[in-house]
Amino acid sequence: MRALELKLDELAGLCEGLDLPAYWVDRYGFIQWATSAALQRLGWPEGLWQGRRISEMMPQSRIFEVLAGGQSLRCRELTYIGETIQISYQPCWRDGELLGVWAVIEQQEKSCLELEEEEIGASRLLIQMYETLLGDLLLGLAVVDSNGVIITVNQYWEKLFGVNLAEIQGMPLKTLFPESHMGQVLATGQPRIGETWTRDDEVYFLSELPLRCGELIIGGLVKLVPVENVETRDLVARYQLLERKLLFYQSELSALKHEEDPFVAIIGENPHMVKVKNMARKVARGDATVLILGESGTGKEVFAQAIHRASPRADQPFISINCAAIPENLLEAELFGYEEGAFTGAVKGGKAGKFELAHGGTLFLDEIGDMPLAMQAKILRALQERQIVRVGGHKPIPVDVRLIAATNRDLVAMMQAGEFRSDLYYRLSVITLQLPPLRERRDDIPALVKMLIEKFNKKYLTSVEGYDKELERFLLSYSWPGNVRQLENVLEYAFNMLEPGQKLLTLQDLPEQVTGGGPLGENDLRLETVVARAEKKAILQALQATRGNRMEAARLLGIQRSAFYQKLKKYGLSGKEEDHD
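Residue numbers (our numbering): -10 to 570.
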């Protein structure tokens, strides 16, 4: 860690010497250093910025997208203190771990277009250098651009895959080589080394590396080295076993880290969410009653569980009950338990209620706003006396529970209307957490979608890599009345609508009741959407007409093969849709 600090100090000194307006934010979102040029440009007071969250100093910052997604952002415009500025963000990794992000405020003399042209020029120079090396080597080599599209391969690669460069140039690497993880390499900047790949009973040592121009990832290099003898194969197998063990231990350490701070797992770097999470962290240390308010689907139980796991009661039970889901005549027995013979159908020997089951731990009363008035009085008594009496019983039973309650209703209005007891309200609201709806923290949507894509890829054994621009616009502009729960349900629906091999989610994969119309939202009459709808339909028809022959489909459409592959990628198509209506 000391070595890392020295490296960061060295980087800070270099940026200072170059008069570069730059600053460094660690993986938790705290500003660690900033150059004099950055302080002057941003107007940050000397001494008041260090150790502060970037969300406090610059709420508009896109840095949390980089921390959540691990991908760099170039020339992102934002308005800060009445001025439009451009900032580029670059994540920094070490041994697969995200250390933080450094941000550079772009000089206004250069437009983003000029910067892109510089990057393209550097990319071409690097490609030319590799092309001189791609000749007679006894290994397969392929170079891709920053989007994972094949630029060039050597002769060994052509023979290995039975192709020639003219056929595959402009094709996504994943189409030719599905086993590739180049998308992950380009996204994280971390190489993948030490894997094996088998073709026709021949084993190859596989390495995938990012190609950089300075800090910018401009492409990737794939190497396939034939494993010639048994000893080498055995060595590779042992290496892979060690690598799998390492990945397992890394995942275990990551899980332990989340256990140490369960709020890390709650996605949300919007200033409102950061404030609520910080408050919940403090609340968790004590034993006060907590009232969590928020619309349906905002994650009230997720916060309740995190508070419990971060509390001194973490090793004791967390018991949850939905007050709205249980009939009024059964709610008392569920909460306080009952004695044998208390009513018809009572279990022999009686049954403990939720209060007893939560003894020593936390009791979470969800939808407490739907609790009948008579039951509210009994809850208040149990909290005041710290004991309960089972239904049909007479003996008081001591209970030690921390109570967390939640509701999506306006308890103050209910109290004024006589529908909720004021004494219970004040007892519950010692600490109140107000969770913001998703529409008020839209900047968290990309990170939430990324997490859900990873979740559903595991659940449905798919390999979705992201979503197209049209869907991105929709996700960020939709009102999400059902909040995070609705977002999760909508994406799960989309995963069930996937075509075989589909890599990108599109708007047409979403349910019509959400998009408000046909497959691509027929109520969206913007020219861009209409053209995209027609273009995708034409591609599908061409694939069906040529029975999936992509070369013939491109010729039928009158476009270059490379352009055809780019459009397949744009619309999340694999090129195998000819068998599907």
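Virtual Cβ for every residue (Gly too), placed ideally from N, Cα, C.
Since the structure is predicted, the reported quantities are computational estimates derived from the model, not experimental observations.
Quiz item: Any idea if Asn259 is buried or exposed, counting beta-carbon neighbours within 10 angstroms, 16 or more meaning buried?
Solution: Under this definition Asn259 is a buried residue.
Practice problem: Please work out which residues of its chain come closer than 8 Å, Cβ to Cβ, to Lys99, disregarding the five sequence neighbours upstream and downstream, and give them in chain order. | Solution: Residue placement at Lys99 is flagged as unreliable, the pLDDT there being 46, under the threshold of 50; the coordinate-derived value follows with that caveat. Within the same chain, no Cβ atom closer than 8 Å to the Cβ of Lys99 is found once the five residues on either side in sequence are excluded.
Exercise. Look up Tyr415 in the DSSP assignment and give the residues it is bridged to.
Key: Note: Tyr415 is not bridge-paired with any residue in the DSSP secondary-structure output.
Quiz item: Considering only residues of the same chain and omitting the five flanking positions on each side of Pro385, which have a CB-CB separation below 6 Å?
Solution: Shown here for Pro385: same chain residues with a beta carbon closer than 6 Å to its own, the five before and five after excluded, namely Gln376 and Val378 in chain order.
Quiz item: To which residues of the same chain is Phe332 closer than 8 Å at the C-beta, ignoring the five residues directly before and after it?
Solution: Within the same chain, Phe332 has close Cβ partners Ala322, Val380 and Gly381.
Practice problem: State whether the segment 431 to 447 contacts the segment 49 to 62, with contact taken as three or more CB pairs (one from each stretch) at a distance under 8 Å. | Solution: Touching, per the Cβ criterion.
Self-check item: For Leu487 and Lys212, the rounded distance between their alpha carbons
Solution: Approximately 31 Å between the Cα atoms of the pair.
Quiz item: With C-beta atoms as the reference, is Glu356 less than 8 Å away from Ala295?
Solution: At a Cβ-Cβ threshold of 8 Å, Glu356 and Ala295 do not count as neighbours.
Practice problem: Taking only the alpha-carbon atoms, compute the straight-line gap between Leu165 and Leu476 and give it to the nearest angstrom. | Solution: If I take the Cα positions, the gap works out to 33 Å.
Practice problem: Locate the beta strand (DSSP E) running through Ser452, then write down its first and last residues. | Solution: In the DSSP assignment, Ser452 falls outside any beta strand (DSSP E), carrying neither H nor E.
Quiz item: Are the beta-carbon atoms belonging to Ser135 and Gly208 less than 8 Å from one another?
Solution: Pairing Ser135 with Gly208 gives a Cβ-Cβ distance under 8 Å.
Self-check item: Gly172 classed as buried or exposed, judged by whether at least 16 other C-beta atoms fall within 10 angstroms
Solution: Buried, by the Cβ-count rule.
Practice problem: May I have the straight-line CA-CA distance separating Glu317 from Pro161, to the nearest angstrom? | Solution: If you take the alpha carbons of Glu317 and Pro161, they lie about 60 Å apart.
Quiz item: Taking the DSSP output, what are the residues bridged to Arg188?
Solution: Residue pairing by DSSP places Arg188 opposite Glu191 in a beta bridge.
Self-check item: Pairwise C-alpha distance: Pro80 and Thr396
Solution: Looking at the two C-alpha atoms, the distance is approximately 39 Å.
Quiz item: Where does Pro167 fall in DSSP's three states?
Solution: Looking at Pro167 - three-state DSSP - the assignment turns out to be coil, as it is neither helix nor strand.
Quiz item: Measuring CB to CB, does Ile393 end up less than 8 Å from Val253?
Solution: Not a contact, by the Cβ cut-off of 8 Å.
Quiz item: Which residue or residues does DSSP assign as beta-bridge partners of Asp304?
Solution: Asp304 is not bridged to any residue.
Quiz prompt | Same chain, Cβ closer than 7 Å to Phe194, neighbours up to 5 away in sequence not counted | solution = Only Thr185, Val214, Val216 and Val225 meet the Cβ criterion.
Exercise. Note down, in chain order, each residue of its chain lying with its Cβ closer than 7 Å to the Cβ of Tyr327, except the 5 sequence neighbours on either side.
Key: Hits under 7 Å: Ala335, Gly339, Lys340, Arg379, Val380 and Gly381.
Quiz prompt | Complete beta strand (DSSP E) runs within the segment 42 to 87 (minimum length 3 residues, chain order) | solution = Here the runs fully enclosed are 62 to 69 and 72 to 83.
Quiz prompt | Neighbourhood of Thr421 by C-beta distance below 6 Å, restricted to the same chain and skipping five residues each side | solution = Shown here for Thr421: same chain residues with a beta carbon closer than 6 Å to its own, the five before and five after excluded, namely Leu280 in chain order.
Practice problem: Below 8 Å on the Cβ atoms is my guess for Val90 versus Ile76; work out the distance and round it to an integer in Å. | Solution: The pair is not a contact, with the Cβ atoms about 11 Å apart (cut-off 8 Å).
Quiz prompt | 8 Å Cβ cutoff met for Val473 and Val503 | solution = Against a cut-off of 8 Å, the Cβ pair of Val503 and Val473 comes out as no contact.
Self-check item: Where the alpha helix (DSSP H) containing Gln475 begins and where it ends
Solution: Residues Asn472 to Asn485.
Quiz item: For Ala295, does the three-state DSSP call read helix, strand or coil?
Solution: Three-state DSSP puts Ala295 in a helix.
Practice problem: State the Cα-Cα distance for the pair Arg591 and Ser169, rounded to the nearest angstrom. | Solution: Only positions -10 to 570 of the chain appear in the structure, and residue 591 is not among them; the question remains open.
Practice problem: Could you tell me the boundaries of the beta strand (DSSP E) in which Arg391 lies? | Solution: Segment Arg391 to Thr396, the beta strand (DSSP E) holding Arg391.
Self-check item: Residue range of the unbroken beta strand (DSSP E) whose run includes Val378
Solution: For Val378, there is no enclosing beta strand (DSSP E), as DSSP marks it with neither H nor E.
Exercise. Please confirm whether Ala293 and Phe353 have their CB atoms less than 8 Å apart.
Key: Result yes, Cβ atoms of Ala293 and Phe353 sit closer than 8 Å.
Quiz item: chain D beta carbons: is any one of them nearer than 8 Å to that of Glu454?
Solution: No chain D appears in this structure, which consists of one protein chain only.
Quiz prompt | Alpha carbon of Val520 to alpha carbon of Leu465, nearest angstrom | solution = The alpha-carbon atoms of Val520 and Leu465 are separated by roughly 21 Å.
Quiz item: So, helix, strand or coil for Trp469, using DSSP?
Solution: In this structure, DSSP gives Trp469 a state outside helix and strand, which the three-state scheme calls coil.
Quiz prompt | Local conformation of Arg430 per DSSP, three classes | solution = If DSSP states are grouped into helix, strand and coil, Arg430 belongs with coil.
Exercise. Go ahead and label Gln405 buried or exposed: buried means 16 or more other beta carbons lie within 10 angstroms of its beta carbon, across all protein chains shown.
Key: Counting Cβ neighbours within 10 Å, Gln405 comes out exposed, since fewer than 16 surround it.
Quiz item: Short check: CB of Leu324 to CB of Phe344, under 8 Å?
Solution: Cβ atoms of Leu324 and Phe344: closer than 8 Å.
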